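A quick write-up on the structure given underneath.
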Amino acid sequence: KQEVTQIPAALSVPEGENLVLNCSFTDSAIYNLQWFRQDPGKGLTSLLLIQSSQREQTSGRLNASLDKSSGRSTLYIAASQPGDSATYLCAVRPGNNDMRFGAGTRLTVKP
Amino acid sequence: GAGVSQSPRYKVAKRGQDVALRCDPISGHVSLFWYQQALGQGPEFLTYFQNEAQLDKSGLPSDRFFAERPEGSVSTLKIQRTQQEDSAVYLCASSLFSGGGGELFFGEGSRLTVL
Chain X
2 KQEVTQIPAA LSVPEGENLV LNCSFTDSAI YNLQWFRQDP GKGLTSLLLI QSSQREQTSG
62 RLNASLDKSS GRSTLYIAAS QPGDSATYLC AVRPGNNDMR FGAGTRLTVK P
Chain U
22 GAGVSQSPRY KVAKRGQDVA LRCDPISGHV SLFWYQQALG QGPEFLTYFQ NEAQLDKSGL
82 PSDRFFAERP EGSVSTLKIQ RTQQEDSAVY LCASSLFSGG GGELFFGEGS RLTVL
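Residue numbers (our numbering), protein chains in the order written: chain X, 2 to 112; chain U, 22 to 136.
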């Protein structure tokens with residue numbers, strides 16, 4: 002069974018710092034990997050989708066990488082802002098019907 | 022609509038009551054998923070529809086949980102005889118494609134509290 006782990010569980014950084022969130026998964030047979038943002042009491046907002054054949058995706062200050070063979074992905078956030086404070090979830094798609102999530106990293110960016 | 026819409030946003034039920042949660046996916050999206058999210062945890066898969074066909078219901082925790090999507094659009098998740106452990110946020114997601122490569126778009130969720 003695919004297991005997804007996110008480290009650290011929580012992170013607090015001062016505004017302006019660059020940071021990296023980590024995601025690991027146990028089975029490299031995946032269709033894609035998706036990073037989401039979740040604000041308190043809200044649903045999930047898709048940030049980046051990386052297909053299994055891709056190595057990375059970029060959107061604005063966000064860059065996500067995928068190393069399928071080692072079962073790892075990182076989400077890099079440049080020049081962090083207080084508005085980036087949220088929980089970041091990593092999810093892998095092992096098959097057509099399912100998406101497996103990590104427990105998330107709770108990020109706080111202090112002004 | 023522009024996004025995935027879920028209702029009600031909040032539901033309080035007495036133990037033993039039946040509840041129904043509705044999901045309106047993005048128009049034209051073939052795939053629809055239901056997830057359960059406990060406080061401080063990532064979402065856990067419940068069930069998957071491809072159009073009106075329920076192809077996977079392996080994540081439903083018990084036979085008190087039932088989901089349908091009769092016309093391949095709106096879906097309803099029904100929980101019978103609710104129990105306190107059913108308290109969670111229920112998230113619906115849709116995807117344009119039926120294959121594994123599509124991006125998932127989530128609704129705001131329905132927060133269920135069972136007293």
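Just so you know, even glycine gets a beta-carbon here, dropped at the ideal spot from N, CA and C.
This one's a predicted model, so the numbers in the text were calculated from it and none came from an experiment.
For a contact defined as C-beta to C-beta under 9 Å, what are the partners of residue i on chain U?
i	result
Ala-104/X	Gly-61, Gln-62 and Gly-63
Could you tell me if residue i is buried or exposed, where buried requires 16 or more neighbouring beta carbons within 10 angstroms of its beta carbon?
i	result
Tyr-31/U	exposed
Leu-60/U	exposed
Pro-46/U	buried
Phe-118/U	exposed
Pro-95/X	buried
Gln-82/X	exposed
Could you tell me which chain X residues have their CB closer than 8 Å to the CB of residue i, listed as they occur along the chain?
i	result
Asp-77/U	Asn-98 and Asp-99
Leu-112/U	Gly-44 and Leu-45
Phe-86/U	None at all; the shortest Cβ gap to chain X is about 17 Å.
Could you give the C-beta distance for residue i and residue j, rounded to a whole number, given that I count them as a contact under 8 Å?
i	j	result
Phe-127/U	Ser-96/U	14 Å between Cβ atoms; not a contact.
Arg-85/U	Ile-100/U	6 Å
Val-135/U	Ala-23/U	Actually they are not in contact, since the Cβ atoms of Val-135/U and Ala-23/U sit about 31 Å apart, beyond 8 Å.
Ser-94/U	Val-110/U	The pair is not a contact, with the Cβ atoms about 22 Å apart (cut-off 8 Å).
Phe-54/U	Cys-113/U	7 Å
What does residue i touch in chain X if you count any residue whose Cβ is under 9 Å from its own?
i	result
Gly-130/U	Gly-42, Lys-43, Gly-44 and Leu-45
Report the neighbours of residue i on chain A: residues whose CB is nearer than 7 Å to its CB, in chain order.
i	result
Glu-124/U	Absent from the structure: chain A. Protein chains present are X and U.
Have a look at residue i and residue j and give me their C-alpha separation to the nearest angstrom.
i	j	result
Ser-74/X	Leu-67/X	5 Å
Pro-112/X	Val-5/X	31 Å
Pro-64/U	Phe-26/X	16 Å
Gln-38/U	Asp-107/U	11 Å
Asn-64/X	Ala-80/X	12 Å
Leu-34/X	Leu-49/X	8 Å
Gln-105/U	Gly-17/X	43 Å
Gln-62/U	Arg-38/X	13 Å
Gly-80/U	Thr-68/U	6 Å
Gln-52/X	Ala-41/U	35 Å
Ala-88/U	Leu-98/U	4 Å
Phe-133/U	Thr-103/U	In the sequence as presented, Phe is not what sits at residue 133/U; that position holds Leu. C-alpha separation (whole angstroms): 10 Å.
With DSSP collapsed to three states, give me the class of residue i.
i	result
Gln-58/U	strand
Glu-106/U	helix
Asp-85/X	helix
Ile-47/U	coil
Glu-16/X	coil
Pro-41/X	coil
Phe-118/U	coil
Ile-31/X	coil
Run down chain U in chain order and give the residues with a C-beta less than 7 Å from the C-beta of residue i.
i	result
Leu-63/X	Those within 7 Å of Leu-63/X in chain U number zero; the least Cβ separation is about 15 Å.
Leu-12/X	Within 7 Å Cβ-Cβ: nothing; Leu-12/X doesn't reach chain U, min ~15 Å.
Leu-90/X	Gly-63
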